[in-house]
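Trainee: If you read the sequence shown in the working numbering, its first letter stands for residue 133, the second for the next number, and so on. Please see the structure below; I have some questions.
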Amino acid sequence: KFTIIDSVGLGENFAGFMHLADYDESLIANRIWTEPAHIEQRLTDLTEQMENVIQKYLRNDFRSLEEYNAFAGEVAEAFRVLVVANFPVNFTEAAARRLTSIVASGARCGVFTLITTDTKQPLPPKFDLTDIERNSTTVAWSAGRFLWKDPDFGRFPLQLDIPPLEDQFSKIVHAVGESTKALKRVEVPFEYIAPPVDRYWTGDASTGIDVPLGRIGATKLQHLRLGRGTAQHVLVAGKTGSGKSTLLHALVTNLSLLYSPREVELYLVDFKKGVEFKTYATHELPHARVIAVESEREFGLSVLERLDAELKHRGDRFRALGVQDLAGFRAVDPSTPMPRVLLVVDEFQELFVEDDRLAQQSALLLDRLVRQGRAFGIHVLLGSQTLGGAYSLARSTIGQMAVRIALQCSESDAHLILSDDNSAARLLSRPGEAIYNDANGL
Numbered sequence: 133k134f135t136i137i138d139s140v141g142l143g144e145n146f147a148g149f150m151h152l153a154d155y156d157e158s159l160i161a162n163r164i165w166t167e168p169a170h171i172e173q174r175l176t177d178l179t180e181q182m183e184n185v186i187q188k189y190l191r192n193d194f195r196s197l198e199e200y201n202a203f204a205g206e207v208a209e210a211f212r213v214l215v216v217a218n219f220p221v222n223f224t225e226a227a228a229r230r231l232t233s234i235v236a237s238g239a240r241c242g243v244f245t246l247i248t249t250d251t252k253q254p255l256p257p258k259f260d261l262t263d264i265e266r267n268s269t270t271v272a273w274s275a276g277r278f279l280w281k282d283p284d285f286g287r288f289p290l291q292l293d294i295p296p297l298e299d300q301f302s303k304i305v306h307a308v309g310e311s312t313k314a315l316k317r318v319e320v321p322f323e324y325i326a327p328p329v330d331r332y333w334t335g336d337a338s339t340g341i342d343v344p345l346g347r348i349g350a351t352k353l354q355h356l357r358l359g360r361g362t363a364q365h366v367l368v369a370g371k372t373g374s375g376k377s378t379l380l381h382a383l384v385t386n387l388s389l390l391y392s393p394r395e396v397e398l399y400l401v402d403f404k405k406g407v408e409f410k411t412y413a414t415h416e417l418p419h420a421r422v423i424a425v426e427s428e429r430e431f432g433l434s435v436l437e438r439l440d441a442e443l444k445h446r447g448d449r450f451r452a453l454g455v456q457d458l459a460g461f462r463a464v465d466p467s468t469p470m471p472r473v474l475l476v477v478d479e480f481q482e483l484f485v486e487d488d489r490l491a492q493q494s495a496l497l498l499d500r501l502v503r504q505g506r507a508f509g510i511h512v513l514l515g516s517q518t519l520g521g522a523y524s525l526a527r528s529t530i531g532q533m534a535v536r537i538a539l540q541c542s543e544s545d546a547h548l549i550l551s552d553d554n555s556a557a558r559l560l561s562r563p564g565e566a567i568y569n570d571a572n573g574l
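Here's what the structure looks like:
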């Protein structure tokens, strides 16, 4: 993937590469960048990408992204190339510092640079060009030709390849763009995260649930863990085509394989006319107490009222036995079924499309479930394509949902699902990629 900066040419020097955006805008970072503020933001994106690679993929397990990708298979991470024409034109002092950092540390993280420098232009304050040159292979234009500016290569002749003819260049660019269509869709076989047959219905949900959701890094699985500490409820956001429905199917299926209906009950509500959850009704999933196949707002409210009644019922039972939580109840009375409950509401914002009594009542019940449900083994997962329209769901309610799963989404939604200071979700570049955060998005 390329990030191209062309402040002097205004993009004309690299205009032919813009055809790649017709196939996938992320191949070219949406456009060619020219303005100081945009340049600084793109360099910020690349340094955040480097941080993500080091902390999420490399850690102390791999020396470089190339080594990681050799193990990663379907979840290999793309290399980045930063192209800068006529540095330092339109580079602020902060942008120049970021460029120095990228040149120094980028290669290990799969971020490489191609930079041309206009030596007649003044450098940004407190910037030394040797900081870039010491981490680069440098050639200089002198007496009508390029020469190595390198003690090891300096005695060898240098002849650069000429660019391809315009027709040939166009064919290459379109061929590359066409080939990316198949690569953009990354599929991890369900068998990779599914439990072995001998573990079916063996899970004990008395203290919580633990379900694999997908791959993380080259060799590990990401688990959804609910019921311990503050990790009690889940907020999922992802735009159309981001893989949200696939994520929910992976969760429901793995839960149903790992835990018996005596351990886990599911309430499945889908406000997209029940398309996603209909298969569980067709095949009579034994864990499902409710499957909303034709979801109206009134039906959604009735499900919340049913769970509110269950909350009160469990409160009475727990007080009668003198226990504080589900684990305590199961320890004192193991013979009485008391499964952990997971309510899954996809496109939950549909409950709040109108500012009416139904929306107010739904907001009140959801707030009570997320505040009191943890002690009684009742958990809530809310999914949405966007969080911007959930006006009737109080921020204090969302604040109780410590587990956040962000798929591809807009920058505004990235801030809403994570935090005002955490916009990492905007860097997700392909369907199925997600950020799992169990610290309220911080």
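For each residue, glycine too, the CB sits at the ideal point set by N, CA and C.
Give me, in chain order, the residues of the same chain whose beta-carbon lies closer than 7 Å to that of residue 139; leave out the 5 immediate sequence neighbours on both sides.
Mentor: So the list reads 166, 218, 221, 222, once near-sequence residues are dropped.
Trainee: If we require 4 or more residues per run, which alpha helix (DSSP H) segments fall completely within the stretch 240–325?
Mentor: Entirely contained in the stretch 240–325, the alpha helix (DSSP H) runs reaching 4 residues are, in chain order, 262–265, 298–316.
Trainee: Applying the criterion that 16 or more other CB atoms from any shown protein chain within 10 Å of the CB defines a buried residue, is residue 475 buried or exposed?
Mentor: By the neighbour-count rule (16 or more Cβ atoms within 10 Å), residue 475 is buried.
Trainee: Compute the Euclidean distance between the alpha carbons of residue 329 and residue 151, then round it to the nearest angstrom.
Mentor: For residue 329 and residue 151, the distance between alpha carbons rounds to 48 Å.
Trainee: Output needed for residue 179: all residues of its chain with C-beta closer than 7 Å, excluding positions within five of it in sequence on either side, in chain order.
Mentor: Closer than 7 Å at the Cβ level, and outside the excluded window around residue 179, lie 230, 233, 234.
Trainee: Report yes if the C-beta distance between residue 538 and residue 370 is below 9 Å; otherwise report no.
Mentor: Cβ atoms of residue 538 and residue 370: closer than 9 Å.
Trainee: Can you give me the start and stop residues for the beta strand (DSSP E) that residue 568 sits inside?
Mentor: Segment 567–569, the beta strand (DSSP E) holding residue 568.
Trainee: Straight-line CA distance for residue 530 to residue 400?
Mentor: For residue 530 and residue 400, the distance between alpha carbons rounds to 19 Å.
Trainee: Using three-state DSSP, classify residue 538 as helix, strand or coil.
Mentor: Strand at residue 538.
Trainee: Any idea what DSSP makes of residue 443, helix, strand or coil?
Mentor: Helix at residue 443.
Trainee: In this structure, does DSSP put residue 342 in helix, strand or coil?
Mentor: Note: residue 342 maps to strand in three-state DSSP.
Trainee: At what residues does the alpha helix (DSSP H) containing residue 511 begin and finish?
Mentor: Note, residue 511: premise wrong, no alpha helix (DSSP H); beta strand (DSSP E) at 510–516.
Trainee: If contact is defined by three or more beta carbon pairs under 8 Å, each pair taking one atom from either stretch, is the stretch 238–249 in contact with the stretch 179–191?
Mentor: Flag = yes, the stretch 179–191 and the stretch 238–249 touch.
Trainee: Nearest to residue 156 by alpha carbon, out of 143, 133, 379, 172?
Mentor: Looking at the Cα atoms, 133 is the closest of the given residues.
Trainee: Just to confirm my understanding: we take residue 548, look at its own chain, exclude 5 residues before and 5 after, and list those with CB closer than 6 Å. What are they?
Mentor: Hits under 6 Å: 519.
Trainee: Would you identify the three-state DSSP class for residue 135, choosing helix, strand or coil?
Mentor: Of the three classes helix, strand and coil, the one that applies to residue 135 here is strand, per DSSP.
Trainee: Considering just the uninterrupted stretch of the alpha helix (DSSP H) at residue 381, what are its terminal residues?
Mentor: From DSSP, the alpha helix (DSSP H) with residue 381 extends over 376–390.
Trainee: Determine the burial state of residue 472: buried for a count of at least 16 other Cβ atoms within 10 Å of its Cβ, exposed for fewer.
Mentor: Buried, because 16 or more other Cβ atoms sit within 10 Å of the Cβ of residue 472.
Trainee: Which class does residue 431 belong to by DSSP, given the choice of helix, strand or coil?
Mentor: Three-state result, residue 431: helix.
Trainee: How far does the alpha helix (DSSP H) with residue 218 in it extend, from its first residue to its last?
Mentor: Unbroken run through residue 218 is the beta strand (DSSP E), 212–219; no alpha helix (DSSP H).
Trainee: Going by the CB atoms, is the gap between residue 395 and residue 576 shorter than 9 Å?
Mentor: The first residue shown for the chain is 133 and the last is 574, placing residue 576 beyond what the model contains.
Trainee: Going by DSSP in three states, residue 415 sits in which element: helix, strand or coil?
Mentor: Of the three classes helix, strand and coil, the one that applies to residue 415 here is coil, per DSSP.
Trainee: Please determine, among 256, 445, 326, 352, the residue with the shortest C-alpha to C-alpha distance to residue 200.
Mentor: For the residues 256, 445, 326, 352, the minimum Cα distance to residue 200 belongs to 352.
Trainee: Quick one: what does DSSP say residue 562 is sitting in, helix, strand or coil?
Mentor: Residue 562 falls in the coil class under three-state DSSP.
Trainee: Check the DSSP bridge columns for residue 354 and list the partner residues they point to.
Mentor: Per DSSP, 346.
Trainee: Using only CA atoms, which one of 248, 438, 277 lies nearest to residue 264?
Mentor: Checking every option, the nearest Cα to that of residue 264 belongs to 248.
Trainee: Taking the alpha-carbon of residue 356 as reference, which of 387, 482, 306 has the nearest alpha-carbon?
Mentor: Among 387, 482, 306, the Cα nearest to that of residue 356 belongs to 387.
Trainee: Select from 253, 393, 306, 433 the residue whose C-alpha is nearest the C-alpha of residue 341.
Mentor: Residue 341 has its Cα closest to that of 393, out of 253, 393, 306, 433.
Trainee: With hydrogens ignored, establish whether the beta-carbon of residue 158 is closer than 8 Å to any heavy atom of the ligand HEM.
Mentor: Questions concerning the ligand HEM fall outside what the structure shown contains, since it holds no ligand whatsoever.
Trainee: Which same chain residues, not among the five before or five after residue 463, have their C-beta less than 7 Å away from its C-beta?
Mentor: No residues qualify anywhere along the chain.
Trainee: If I measure Cβ to Cβ from residue 456 and keep anything under 8 Å in the same chain, skipping five residues before and after, which residues do I get?
Mentor: If we look at residue 456 and ignore the five residues flanking it on each side, its Cβ neighbours are 450, 507.
Trainee: Give me the DSSP bridge partner(s) of residue 472.
Mentor: Paired residues: 396.
Trainee: Any idea if residue 416 is buried or exposed, counting beta-carbon neighbours within 10 angstroms, 16 or more meaning buried?
Mentor: Answer is exposed; the Cβ neighbour count stays below 16.
Trainee: Just to confirm my understanding: we take residue 197, look at its own chain, exclude 5 residues before and 5 after, and list those with CB closer than 8 Å. What are they?
Mentor: Taken in chain order, the residues that qualify are 185, 189, 190, 209, 211, 240, 241, 242.
Trainee: Nearest-angstrom Cα distance between residue 377 and residue 171?
Mentor: Each residue's Cα considered, the two are about 35 Å apart.
Trainee: Do the CB positions of residue 362 and residue 570 come within less than 9 Å of each other?
Mentor: A contact, by the Cβ cut-off of 9 Å.
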